[in-house]
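Engineer: Following the numbering used here, the numbering of the sequence shown begins with 505 at its first residue and continues without gaps.
Shown below is the structure under consideration.
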Amino acid sequence: MEAILKSNKLLNICYEIRGPIPERARQMEEEGHRIIKLNIGNLANFGFDAPEEVVQDVIRNLANAAGYVDSKGLFQARKAIMHYTQQKNIADVTVDDIYIGNGASELIVMSMQGLLNTGDEVLVPMPDYPLWTAAVSLAGGTPRHYLCDEADGWLPSISDMRAKITPKTRAIVVINPNNPTGALYPDSVLLDIIALAREFGLIIYADEIYDKVLYDGVSHTSIASLADDVLFVTFNGLSKNYRACGYRSGWMIVSGEKHCAKDYIEGLNMLATMRLCANVPSQYAIQTALGGYQSIDDLVCEGGRLAKQRDLAYSMLSAMPGVSVVKPQAALYMFPKLDPEIYPVSDDQQLMLELLQDEKVLLVQGTGFNWPQHDHFRVVFLPNLDDLTDALNRVARFLTQWRKRHGTGEFAAK
Numbered sequence: 505m506e507a508i509l510k511s512n513k514l515l516n517i518c519y520e521i522r523g524p525i526p527e528r529a530r531q532m533e534e535e536g537h538r539i540i541k542l543n544i545g546n547l548a549n550f551g552f553d554a555p556e557e558v559v560q561d562v563i564r565n566l567a568n569a570a571g572y573v574d575s576k577g578l579f580q581a582r583k584a585i586m587h588y589t590q591q592k593n594i595a596d597v598t599v600d601d602i603y604i605g606n607g608a609s610e611l612i613v614m615s616m617q618g619l620l621n622t623g624d625e626v627l628v629p630m631p632d633y634p635l636w637t638a639a640v641s642l643a644g645g646t647p648r649h650y651l652c653d654e655a656d657g658w659l660p661s662i663s664d665m666r667a668k669i670t671p672k673t674r675a676i677v678v679i680n681p682n683n684p685t686g687a688l689y690p691d692s693v694l695l696d697i698i699a700l701a702r703e704f705g706l707i708i709y710a711d712e713i714y715d716k717v718l719y720d721g722v723s724h725t726s727i728a729s730l731a732d733d734v735l736f737v738t739f740n741g742l743s744k745n746y747r748a749c750g751y752r753s754g755w756m757i758v759s760g761e762k763h764c765a766k767d768y769i770e771g772l773n774m775l776a777t778m779r780l781c782a783n784v785p786s787q788y789a790i791q792t793a794l795g796g797y798q799s800i801d802d803l804v805c806e807g808g809r810l811a812k813q814r815d816l817a818y819s820m821l822s823a824m825p826g827v828s829v830v831k832p833q834a835a836l837y838m839f840p841k842l843d844p845e846i847y848p849v850s851d852d853q854q855l856m857l858e859l860l861q862d863e864k865v866l867l868v869q870g871t872g873f874n875w876p877q878h879d880h881f882r883v884v885f886l887p888n889l890d891d892l893t894d895a896l897n898r899v900a901r902f903l904t905q906w907r908k909r910h911g912t913g914e915f916a917a918k
């Protein structure tokens, strides 16, 4: 029998967060090694539990969750999401404008499948959460990466965004709060993005899954709240704000200029119906989560566990020779830079593999987030303070040894 090959649509698809290096980490664990995993924002693995009232609502409603429900989701769950959009000042959202999915990830893929024809282009941030690039490509589109500028606190470069727009451009993806950088975008930047979308007739896709994971008293603005003459598709869910990644419960909201998008919305309805419905048990958690006590606030406030871990990671990374990092205002990550004069890295995937093998710490290289240079990596600061200190001490030790082996930094030949 001839070799069975994967689809050509997958040739340019990568998802390094769960790629070959994590696979090597799994093999090492089977060999008896303990791996410190700073590669994925899986909160439950670090002792962050979903709110008890949310868990209990799912348990109590299991008997009611055996059948299919409306393809867009349970009415009471969508009603709660509608009320949340009102709190976020997103105008004119009805229950029918809301789709519940098996996590926001499923809906991201669905939104691209419903929009794109072969060769259509979508502006995607660089660095990005790589699912967005993959979803565009799988739908037959072409991702065009616009720069998020590290020198400007990782804010999107509006001029670069404008330069990437062509007659084939259909949409702009905005990840705010941002993964992998932890940046939070001010209203002025969001308004500039809206102005571009308005000028060129583009859809704005807003990934806001971290909109409650905010530090230092900052606040988040939903970009869809700032205009009603542009079409917005906004994504959120339970995974991060409510520490319920495994529940796979996310939602997508269509708002703004909906009248010009009737055919697209019909396509979304068709795709929603084809998968019958999202998993039902976790939908019973949505109303309680959104309407209940927001325990995430206790984690991100001054002295809260996430805030303390962010501060520790920022301090330790900033102290490493040749490493710089923008302090994140939001989310669970930071995206440090290696000074190329001190770390002339030609293959950042190989660098992360060496770190794993030498120090048993698992990170994701910057190119895994569609960053073009081999000079960044992403750190997840979810471990408790002791484990995080241990992990970052190992990273520092590895980088020192790497400089010694390559004769760079203070180890360069005089």
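We put the CB at the ideal spot given by N, CA and C, even for glycine.
Looking only at C-alpha atoms, which of Ile525, Asp596, Asn606, Asp601 sits nearest to Val784?
Structural biologist: Val784 has its Cα closest to that of Asn606, out of Ile525, Asp596, Asn606, Asp601.
Engineer: Going straight from the alpha carbon of Asp601 to that of Gln617, what length do you get?
Structural biologist: Straight-line Cα distance between these residues: approximately 18 Å.
Engineer: Please state the DSSP three-state secondary structure of Leu821.
Structural biologist: In the structure shown, Leu821 sits in a helix (DSSP, three-state: H, G or I).
Engineer: Rank Gln591, Arg809, Leu635 by C-alpha distance to the C-alpha of Ile612 and give the top, closest one.
Structural biologist: That would be Leu635, whose Cα lies nearest to the Cα of Ile612.
Engineer: Please go through the same chain and pick out, in chain order, the residues whose beta-carbon is closer than 6 Å to the beta-carbon of Arg702, but skip the five residues on each side of it.
Structural biologist: Val734, listed in sequence order.
Engineer: Go through its chain and collect everything with a Cβ distance to Val884's Cβ below 7 Å, but skip five positions before and after it.
Structural biologist: Around Val884: Leu542, Asn543, Ile544, Gly545, Leu836, Tyr837.
Engineer: Which one of Leu772, Arg909, Arg528, Asp891 has the shortest CA to CA distance from Gln930?
Structural biologist: One cannot answer for residue 930 here, as it falls past the ends of the chain, which runs 505 to 918.
Engineer: In this structure, what does DSSP give as the bridge partners for Asp711?
Structural biologist: Ile679, Phe739.
Engineer: Residue range of the beta strand (DSSP E) that Ile846 falls in?
Structural biologist: Careful: Ile846 lies outside any beta strand (DSSP E) and carries neither H nor E.
Engineer: Since Arg901 is in the alpha helix (DSSP H), which residue starts that stretch and which ends it?
Structural biologist: Arg901 -> alpha helix (DSSP H) spans 889-910.
Engineer: Using a beta-carbon distance below 9 Å, is Val722 in contact with chain C?
Structural biologist: You won't find chain C in this structure, because it holds only one protein chain.
Engineer: The alpha helix (DSSP H) spanning Trp636 covers which residue range?
Structural biologist: Counting along the chain, the alpha helix (DSSP H) containing Trp636 begins and ends at 634-642.
Engineer: So, at 6 Å on beta carbons, what are the nonlocal neighbours of Leu896 in its own chain, with the 5 sequence-adjacent residues on each side left out?
Structural biologist: Cβ within range, chain order: Met820.
Engineer: What is the rounded straight-line gap between the Cα of Ala507 and the Cα of Leu515?
Structural biologist: Looking at the two C-alpha atoms, the distance is approximately 16 Å.
Engineer: Report yes if the CB atom of Ser692 is closer than 9 Å to the CB atom of Asp732, and no otherwise.
Structural biologist: No, these two residues do not count as a Cβ contact at 9 Å.
Engineer: So the beta strand (DSSP E) Phe881 belongs to, where does it begin and stop?
Structural biologist: Run containing Phe881: 881-884, per the beta strand (DSSP E) assignment.
Engineer: Would you report the Cα separation of Ala811 and Phe873, rounded to the nearest angstrom?
Structural biologist: Distance between the alpha carbons of Ala811 and Phe873 is about 24 Å.
Engineer: Give me, in chain order, the residues of the same chain whose beta-carbon lies closer than 8 Å to that of His724; leave out the 5 immediate sequence neighbours on both sides.
Structural biologist: Correct list, in chain order: Asn680, Pro681, Leu688, Glu712, Asp715, Lys716, Leu718, Ala834.
Engineer: Looking only at its chain, what residues have a beta carbon closer than 6 Å to the beta carbon of Val640, apart from the 5 residues adjacent to it on each side?
Structural biologist: Only Met616, Val626, Pro647 meet the Cβ criterion.
Engineer: In angstroms with no decimal places, state the Cα-to-Cα distance between Ser726 and Pro887.
Structural biologist: Whole-angstrom Cα-Cα distance: 29 Å.
Engineer: Between the C-alpha atoms of Asp653 and Leu566, what's the straight-line distance to the nearest angstrom?
Structural biologist: Roughly 47 Å between the two C-alpha positions.
Engineer: Assuming Ile846 and Arg907 make a contact with CB atoms under 8 Å, what is their CB distance in whole Å?
Structural biologist: That belief holds up - the Cβ atoms of Ile846 and Arg907 are roughly 7 Å apart, short of 8 Å.
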